[in-house]
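Below: one structure, written as structure tokens.
Number of protein chains: 2
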Amino acid sequence: MRLLREKIEQEGIVLSDGVLKVDSFLNHQIDPILMKEIGLEFARRFEADGITKIVTIESSGISPAVMAGLELGVKVVFARKRKSLTLTNNLLVSSVYSFTKQEENNIAVSSQFLSQEDRVLIIDDFLANGEAAKGLVDIVNQSGATVTGIGIVIEKSFQKGAQELVDLGHRVESLAKIASLKEGKVSFVEQLEEVTS
Amino acid sequence: MRLLREKIEQEGIVLSDGVLKVDSFLNHQIDPILMKEIGLEFARRFEADGITKIVTIESSGISPAVMAGLELGVKVVFARKRKSLTLTNNLLVSSVYSFTKQEENNIAVSSQFLSQEDRVLIIDDFLANGEAAKGLVDIVNQSGATVTGIGIVIEKSFQKGAQELVDLGHRVESLAKIASLKEGKVSFVEQLEEVTS
Numbered sequence: 001m002r003l004l005r006e007k008i009e010q011e012g013i014v015l016s017d018g019v020l021k022v023d024s025f026l027n028h029q030i031d032p033i034l035m036k037e038i039g040l041e042f043a044r045r046f047e048a049d050g051i052t053k054i055v056t057i058e059s060s061g062i063s064p065a066v067m068a069g070l071e072l073g074v075k076v077v078f079a080r081k082r083k084s085l086t087l088t089n090n091l092l093v094s095s096v097y098s099f100t101k102q103e104e105n106n107i108a109v110s111s112q113f114l115s116q117e118d119r120v121l122i123i124d125d126f127l128a129n130g131e132a133a134k135g136l137v138d139i140v141n142q143s144g145a146t147v148t149g150i151g152i153v154i155e156k157s158f159q160k161g162a163q164e165l166v167d168l169g170h171r172v173e174s175l176a177k178i179a180s181l182k183e184g185k186v187s188f189v190e191q192l193e194e195v196t197s
Numbered sequence: 001m002r003l004l005r006e007k008i009e010q011e012g013i014v015l016s017d018g019v020l021k022v023d024s025f026l027n028h029q030i031d032p033i034l035m036k037e038i039g040l041e042f043a044r045r046f047e048a049d050g051i052t053k054i055v056t057i058e059s060s061g062i063s064p065a066v067m068a069g070l071e072l073g074v075k076v077v078f079a080r081k082r083k084s085l086t087l088t089n090n091l092l093v094s095s096v097y098s099f100t101k102q103e104e105n106n107i108a109v110s111s112q113f114l115s116q117e118d119r120v121l122i123i124d125d126f127l128a129n130g131e132a133a134k135g136l137v138d139i140v141n142q143s144g145a146t147v148t149g150i151g152i153v154i155e156k157s158f159q160k161g162a163q164e165l166v167d168l169g170h171r172v173e174s175l176a177k178i179a180s181l182k183e184g185k186v187s188f189v190e191q192l193e194e195v196t197s
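If you read the protein sequences in the order shown, they are chains A and B.
Per full-length UniProt numbering: the first sequence ends with 197, consecutive numbering throughout.
Per full-length UniProt numbering: the second sequence ends with 197, consecutive numbering throughout.
Here is the structure:
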């Protein structure tokens with residue numbers, strides 16, 4: 001998605017070989033016009049799949065997910081992150097390790113918002129090692145619903161998450177794929193569909 | 001806003017005289033179509049005010065804020081909630097007490113996303129005692145920007161927040177105003193503009 005790639009080139013800050021900061025349009029400040037375009041692109045890629053619900057995770061997944069939900073005409077559920085869980089009644093819970101924060105968190109979704117009949121699109125802002133996405137897949141699986149696809153705004157393709165999710169049989173659609181952040185520079189994976197479009 | 005009021009009547013769950021749960025369309029599951037209507041209504045109410053930025057707070061403020069930002073053509077910054085703050089470099093921080101959770105939290109916004117010239121619309125999902133809104137006002141004031149208005153999705157008018165913010169000189173626009181949650185029933189404040197519209 002060219003618009004997103006340009007935004008990353010213009011405003012992304014490479015903090016290290018592994019960390020890209022996009023606080024100016026996605027993770028702290030949000031650009032609503034870009035989010036709308038992202039929602040349209042997710043809808044375009046998944047519109048044939050009979051999606052009935054989108055599942056994401058707070059906080060940065062919410063904007064792209066809600067815009068995609070608006071286009072696809074489905075509701076969005078965001079998983080909550082919680083350090084500890086006392087009450088787990090009616091909650092679907094999974095444990096997610098954050099490499100950035102080096103801590104384990106629980107993520108939780110109320111079981112009432114997912115049913116066996118649901119065809120779920122999982123959306124998240126970043127895909128690196130895939131911990132959050134796998135936690136969301138786990139929650140959807142617990143509910144008996146079907147994971148129809150995984151939509152990612154920015155994939156760090158040099159980390160293992162995307163390949164692992166594909167190996168598990170999931171369709172992963174990432175709107176920007178980063179090949180490397182070495183030497184302070186963002187290099188994108190060549191995407192044939194964009195070169196030819 | 002009639003659509004929102006109907007949604008609250010249909011799906012809101014009164015947990016006690018003080019607590020209304022709207023997890024099915026705002027606080028856990030999100031209804032994107034309703035959020036778009038909410039964004040349009042905020043834009044209608046504040047379009048003459050020269051808003052340059054919206055400030056909200058994670059996580060439930062994000063959807064209505066981003067939809068309002070889309071309509072008003074401005075970016076949205078969401079304050080992050082943090083129990084402890086180690087690094088406060090370049091952060092505008094305020095302390096917010098949660099009556100629901102009975103704990104004090106810090107909320108923080110990077111100073112780079114607010115400037116003295118900004119005319120800020122603060123948006124949040126609920127207004128009860130006004131702690132979160134006052135924390136956001138504090139952060140905007142620290143930046144030197146101007147708080148132009150406060151837009152709230154659901155105001156619990158029987159609690160003190162709205163009146164306190166008005167007494168401080170702020171314009172508060174709440175899309176649904178709840179007079180009482182007694183006896184398990186949601187009663188709305190009569191809103192002349194809706195009765196006559």
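The beta-carbon is built from N, C-alpha and C at its ideal position, and this holds for glycine as well.
The model shown is predicted, which means the values in this text are computed figures rather than measured ones.
Residue nearest to residue i in terms of C-alpha spacing, selected from the options
i                      : options                          : result
A/L92                  : A/G144, A/I123, A/G61 and A/V66  : A/G144
B/I62                  : B/D49, B/A79 and B/V120          : B/A79
A/I30                  : B/N129, B/K134 and B/S59         : B/S59
residue 200 of chain A : A/V74, A/H28, A/G12 and A/D23    : A question about residue 200 of chain A goes unanswered here, because the residues of chain A that appear run from 1 up to 197.
A/L3                   : A/S187, A/L175, A/N89 and A/I107 : A/L175
A/P32                  : B/H28, B/V189, B/V76 and B/I122  : B/V76
B/Q112                 : B/R5, B/V186, B/K53 and B/K185   : B/K53
B/G161                 : B/Q142, B/D124 and B/V186        : B/D124
A/F158                 : A/F188, A/L72, A/Q142 and A/G169 : A/F188
B/F126                 : B/E104, B/T56, B/V120 and B/I51  : B/T56
B/F99                  : B/V19, B/G184, B/I13 and B/G12   : B/V19
A/M1                   : A/P64, A/D23, A/I38 and A/N27    : A/I38
B/G169                 : B/E190, B/G184, B/A68 and B/K134 : B/K134
B/L90                  : B/G184, B/R44, B/Q142 and B/V186 : A small correction: the amino acid at residue 90 of chain B is Asn; Leu does not occupy that position in the sequence shown. Per the Cα distances, B/Q142.
Residue-chain proximity (residue i, chain B), Cβ-Cβ < 8 Å
i                      : result
A/F113                 : yes
A/D147                 : The sequence given here places Val at residue 147 of chain A; Asp does not occur at that position. Closer than 8 Å: no.
A/E11                  : no
residue 205 of chain A : Given a span of 1 to 197 for chain A in the structure shown, any question on residue 205 of chain A remains unanswerable.
A/V66                  : yes
A/R44                  : no
A/L20                  : no
Same chain, Cβ closer than 7 Å to residue i, neighbours up to 5 away in sequence not counted
i      : result
B/K7   : F25 and L34
B/V166 : V172
B/D23  : Q29
B/M67  : M35, K36, I38 and G39
A/R5   : A176 and F188
A/A43  : A68, E71 and L72
Cβ shell of residue i (< 6 Å), same chain only, five flanking positions each side left out
i                      : result
B/E131                 : V96 and Y97
A/K156                 : A128 and I178
B/I139                 : L92, S94 and V109
B/D17                  : L181 and K182
B/L40                  : E71
residue 261 of chain A : Examination of residue 261 of chain A is not possible in this model, given that chain A is present from 1 through 197 alone.
residue 198 of chain B : In the structure displayed, chain B extends from 1 to 197; residue 198 of chain B sits before or after that span and is not available.
N-terminal and C-terminal residue of the alpha helix (DSSP H) that residue i is part of
i                      : result
B/G69                  : I62 to L72
B/F46                  : P32 to F46
B/V141                 : Here the sequence assigns Asn to residue 141 of chain B, which means Val is not the residue at that position. Segment E131 to S143, the alpha helix (DSSP H) holding B/N141.
residue 262 of chain B : Because residue 262 of chain B is not part of the residues shown, which for chain B are 1 to 197, the question remains open.
Closer than 7 Å: residue i CB and nearest the ligand FMN heavy atom
i     : result
A/F46 : No copy of the ligand FMN appears in this structure; indeed no ligand is present at all.
Opening and closing residue of the beta strand (DSSP E) in which residue i lies
i      : result
A/A176 : V172 to S180
A/L4   : Where A/L4 is concerned, there is no enclosing beta strand (DSSP E), although the alpha helix (DSSP H) it sits in stretches over R2 to E11.
A/S94  : L91 to S98
B/V109 : E103 to S110
A/S151 : A quick correction: the sequence has Gly, not Ser, at residue 151 of chain A. Run containing A/G151: T146 to K156, per the beta strand (DSSP E) assignment.
A/K185 : A/K185 -> no beta strand (DSSP E), and no H or E assigned at all.
A/I122 : R119 to L127
A/I57  : K53 to I57
A/K75  : K75 to R82
Interface residues of chain A facing residue i [CB-CB closer than 9 Å]
i     : result
B/D23 : S110, Q112 and F113
Proximity test, Cβ basis, 8 Å: residue i and chain A
i     : result
B/E58 : yes
B/V76 : yes
B/S16 : no
B/E6  : no
Below-8 Å beta-carbon distance, residue i vs any chain D residue
i     : result
A/Q29 : The structure shown contains no chain D; its protein chains are A and B.
Interface partners of residue i on chain A, CB under 8 Å
i     : result
B/L70 : P32, I33, M35 and K36
Chain-ordered neighbours of residue i on chain A, where CB pairs are closer than 7 Å
i     : result
B/I62 : S59, I62 and S63
Beta-carbon proximity list for residue i, same chain, < 8 Å, skipping 5 on both sides
i      : result
A/R82  : N105, N106, I107 and A108
B/V120 : I51, T52, K53, I54, V55, L114, V140, A145, T146, V147 and T148
B/H122 : This sequence places Ile at residue 122 of chain B; His is not what is there. Here the set comprises I54, V55, T56, A133, L136, V137, V140, V147, G149, I150 and G151.
A/D49  : R119, L121, T148 and G149
A/E117 : T52 and A145
B/E11  : V22, S24 and F25
B/K185 : V14
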